[in-house]
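Residue numbers (my numbering): 605 to 986.
Built from N, CA and C at the ideal position, the CB exists for glycine as well.
Let me begin by presenting the structure, written as structure tokens, before commenting on it.
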């Protein structure tokens, strides 16, 4: 048996009951995209995504082909790691720390001492904008561009001609070693770029240095049972590689989906886990609902091809890790419900309504493979 798990990064479907606590009242990523651009997503419609809310132009399908639900996150926070970890059975009672005023002197001073380089920036910022603003100074002085966001991240941008890639990665490891205890952010992110002032471009060699999961997840249980797990893209980094048997790189949504379809003949059992980051990184964070919508339509086309490759015993699960509403003033993640869509050729369509807990995704995967797992309830059993 084989399960393909696709996380549509940032594709929330409406504000949760606690959204106001996170500054996200009124957020609805899919709903606002649908108001901005005419979405043509017939494959997702056939699977039942239109039945999970009121989205302009997205059809409801009485005879949808999948088991669907609207999931509400239980963990504190709304970041990538929190959402992914909860899917695999790990609930966080305390949110990772954020730094809306920048990082405190004790962090920056130690970082400068250990790296031998000064820091510029040190504030919440758009990655592309802060590189545009400080890139020339960085090239002149060798100082590191450090920035954050409303998410729990410590991001380090550096030009590849000034700081070679491996040095940048080592600098990130140093930051990771400093950011412990009360300052343990979810991710330290290397952000290499190239070009000249006015023409700086970020490169695909981004690398995330995440915290270690504090306890085993479903991925490790699958590995213990001899079921291989393949990572496409950044999923490996999110779980620090724990539980994965194979790792495949990914440069874009399209590239990741091509890799997925290419490896299916050889990876014919176990779990293939991919997160489509373009939705979030390129469009949600940049407040580009039209770009988000076009990327969603491209995904829908590729999804039609993928369905044709699934065998009778294969399961496809589509979900998201949080919202990233490109219409609200914020450029960060949003606390929203996420879709859960479970497809198999032998399943009858059913709408389970709203369910608390992303961990039901992991419980469903465990159920498919016949593995005992007490964190959540399989959506197939409901």
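- Query: Quick one: Cα of residue 631 to Cα of residue 674, how far?
  - Reply: Numbered from its first residue, the chain shown carries residue 631 at position 27. Numbered from its first residue, the chain shown carries residue 674 at position 70. Rounded to whole angstroms, the gap between the alpha carbons of residue 631 and residue 674 is 15 Å.
- Task: Express the C-alpha separation of residue 964 and residue 979 in angstroms, rounding to a whole number.
- Result: For the purposes of this step, residue 979 is taken as residue 375 along the chain shown, with counting starting at 1. For the purposes of this step, residue 964 is taken as residue 360 along the chain shown, with counting starting at 1. The straight-line gap from Cα to Cα measures roughly 7 Å.
- Task: Taking residue 793 and residue 688 to be in contact with their CB atoms under 8 Å, please state how far apart those CB atoms are, rounded to whole angstroms.
- Result: The sequence position of residue 793 within the chain shown is 189, counting from 1. The sequence position of residue 688 within the chain shown is 84, counting from 1. Not quite, the Cβ-Cβ distance comes to about 15 Å (not below 8 Å), so this is no contact.
- Please name the residue or residues paired with residue 577 in a DSSP beta bridge. There is simply no residue 577 to check, as the chain begins at 605 and stops at 986 in what is shown.
- Query: Any idea what DSSP makes of residue 692, helix, strand or coil?
  - Reply: Counted from its first residue, the chain shown places residue 692 at position 88. Coil, per DSSP.
- Which of helix, strand or coil DSSP assigns to residue 717: As a position in the chain shown, residue 717 is number 113, starting the count at 1. Three-state DSSP puts residue 717 in a helix.
- Give me the Cα-Cα distance between residue 860 and residue 887, rounded to the nearest whole angstrom. As a position in the chain shown, residue 860 is number 256, starting the count at 1. As a position in the chain shown, residue 887 is number 283, starting the count at 1. Cα to Cα, the separation comes out at about 17 Å.
- Task: With DSSP as the reference, label residue 632 as helix, strand or coil.
- Result: As a first step, residue 632 is located in the chain shown; it is residue number 28 there, counting from the start. Residue 632 falls in the coil class under three-state DSSP.
- Query: How many angstroms separate the CA atom of residue 851 from the CA atom of residue 870?
  - Reply: In the chain shown, residue 851 corresponds to position 247, counting from 1. In the chain shown, residue 870 corresponds to position 266, counting from 1. The alpha-carbon atoms of residue 851 and residue 870 are separated by roughly 14 Å.
- Message: For the pair the stretch 616 to 635 and the stretch 929 to 945, tell me if three or more CB-CB distances fall below 8 Å.
- Response: yes
- Do residue 922 and residue 610 have their C-beta atoms within less than 8 Å of each other? Indexing the chain shown from 1 puts residue 922 at position 318. Indexing the chain shown from 1 puts residue 610 at position 6. Cβ atoms of residue 922 and residue 610: closer than 8 Å.
- Item | Those residues which DSSP pairs with residue 850 across a bridge | Along the chain shown, one-based indexing puts residue 850 at 246. DSSP output for residue 850 lists 834 as bridge partner(s).
- Item | Cα-Cα separation, residue 805 to residue 617 | As a first step, residue 805 is located in the chain shown; it is residue number 201 there, counting from the start. As a first step, residue 617 is located in the chain shown; it is residue number 13 there, counting from the start. In this structure, the CA atom of residue 805 is about 31 Å from the CA atom of residue 617.
- Query: Under 8 Å, do residue 697 and residue 682 count as touching if we go by C-beta distance?
  - Reply: Your numbering for residue 697 matches position 93 in the chain shown. Your numbering for residue 682 matches position 78 in the chain shown. No, the pair does not count as a contact, with Cβ atoms beyond the cut-off.
- Is the stretch 784 to 802 close to the stretch 820 to 837, with three or more CB pairs under 8 Å? Taking a cut-off of 8 Å for Cβ pairs, the stretch 784 to 802 and the stretch 820 to 837 do not touch, as fewer than three such pairs fall below it.
- Query: What did DSSP end up calling residue 969 once you bin it into helix, strand or coil?
  - Reply: One-based indexing of the chain shown puts residue 969 at position 365. DSSP places residue 969 in helix when its eight states are reduced to three.
- Item | residue 813 beta carbon less than 8 Å from that of residue 784 | Within the chain shown, numbered from 1, the residue matching residue 784 stands at position 180. Within the chain shown, numbered from 1, the residue matching residue 813 stands at position 209. The answer is no: Cβ separation not under 8 Å.
- Since I believe residue 678 is in contact with residue 568 (beta carbons under 8 Å), could you give me their beta-carbon distance rounded to a whole number of angstroms? This structure gives no information on residue 568, because the portion of the chain shown stretches from 605 to 986.
- Alpha carbon to alpha carbon, how far is residue 730 from residue 667? Counted from its first residue, the chain shown places residue 730 at position 126. Counted from its first residue, the chain shown places residue 667 at position 63. Their backbone Cα atoms lie some 43 Å apart in a straight line.
- Query: Once you ignore the five residues that flank residue 663 on each side, which residues in its own chain have a CB closer than 7 Å to its CB?
  - Reply: Position 59 of the chain shown, counting from 1, holds the residue named residue 663. 649 and 654, listed in sequence order.
- Close Cβ partners of residue 807 (< 8 Å) along its chain, the five nearest in sequence each way excluded: Taking the first residue of the chain shown as position 1, residue 807 is located at position 203. Within the same chain, residue 807 has close Cβ partners 764, 796, 797 and 798.
- residue 985: buried (16+ other C-beta within 10 angstroms of its C-beta) or exposed? For this step, residue 985 is matched to residue 381 along the chain shown. Burial state of residue 985 is exposed, judged by a 10 Å Cβ sphere holding fewer than 16 other Cβ atoms.
- Task: Return the CA-CA distance between residue 895 and residue 629, expressed in angstroms with no decimal places.
- Result: For the purposes of this step, residue 895 is identified with residue 291 of the chain shown, where counting begins at 1. For the purposes of this step, residue 629 is identified with residue 25 of the chain shown, where counting begins at 1. Each residue's Cα considered, the two are about 23 Å apart.
- Candidates 933, 837, 717 and 642: which alpha carbon is nearest residue 613's? Against the chain shown, residue 613 aligns to sequence position 9. The residue with the shortest Cα to Cα distance from residue 613 is 837.
- Check residue 812 in the structure and name its three-state DSSP category. As a working note, residue 812 is residue 208 in the chain shown. If DSSP states are grouped into helix, strand and coil, residue 812 belongs with the strands.
- Query: Considering residue 704, what are the terminal residues of the beta strand (DSSP E) in which it resides?
  - Reply: Here residue 704 refers to the residue found at position 100 when the chain shown is read from its first residue. Taken as a continuous stretch (DSSP letters only), residue 704 belongs to no beta strand (DSSP E), as it is neither H nor E.
- Message: So, with DSSP's three-state summary, where would you put residue 866?
- Response: Counting from 1 along the chain shown, the entry for residue 866 is found at position 262. Helix.
- Message: With H, G and I counted as helix, E and B as strand and the rest as coil, what does DSSP make of residue 617?
- Response: Looking up residue 617 in the chain shown gives position 13. Note: residue 617 maps to coil in three-state DSSP.
- Short Cβ contact (8 Å threshold) for residue 670 with residue 652: On the chain shown, residue 670 is found 66 positions in, with the first residue counted as 1. On the chain shown, residue 652 is found 48 positions in, with the first residue counted as 1. Contact flag set, yes.
- residue 723 vs residue 750 beta-carbon contact at 8 Å: Here residue 723 is taken as the residue at index 119 of the chain shown, counted from 1. Here residue 750 is taken as the residue at index 146 of the chain shown, counted from 1. Result yes, Cβ atoms of residue 723 and residue 750 sit closer than 8 Å.
- Message: Which complete beta strand (DSSP E) runs does the stretch 852 to 923 hold, if anything under 3 residues is left out?
- Response: 874 to 880 and 918 to 923
- Going straight from the alpha carbon of residue 913 to that of residue 866, what length do you get? The residue you call residue 913 lines up with position 309 of the chain shown. The residue you call residue 866 lines up with position 262 of the chain shown. One C-alpha to the other measures close to 10 Å.
- Query: Distance, Cα to Cα, residue 715 vs residue 782?
  - Reply: In the chain shown, the residue the question calls residue 715 occupies position 111. In the chain shown, the residue the question calls residue 782 occupies position 178. About 7 Å.
- CA-CA distance, residue 977 and residue 685? Start at 1 with the first residue of the chain shown, and residue 977 comes out as number 373. Start at 1 with the first residue of the chain shown, and residue 685 comes out as number 81. Cα-Cα distance, rounded: 21 Å.
- Reduced DSSP category for residue 651 - H, G, I as helix; E, B as strand; rest coil: Counting from one through the chain shown, the residue named residue 651 turns up at place 47. Residue state, collapsed to three classes: helix.
- Message: Tell me which residues share the same chain as residue 873 and place their Cβ nearer than 8 Å to its Cβ, disregarding the 5 neighbours each side in the sequence.
- Response: Reading the chain shown from its first residue, position 269 is the one you call residue 873. Correct list, in chain order: 605, 606, 831 and 832.
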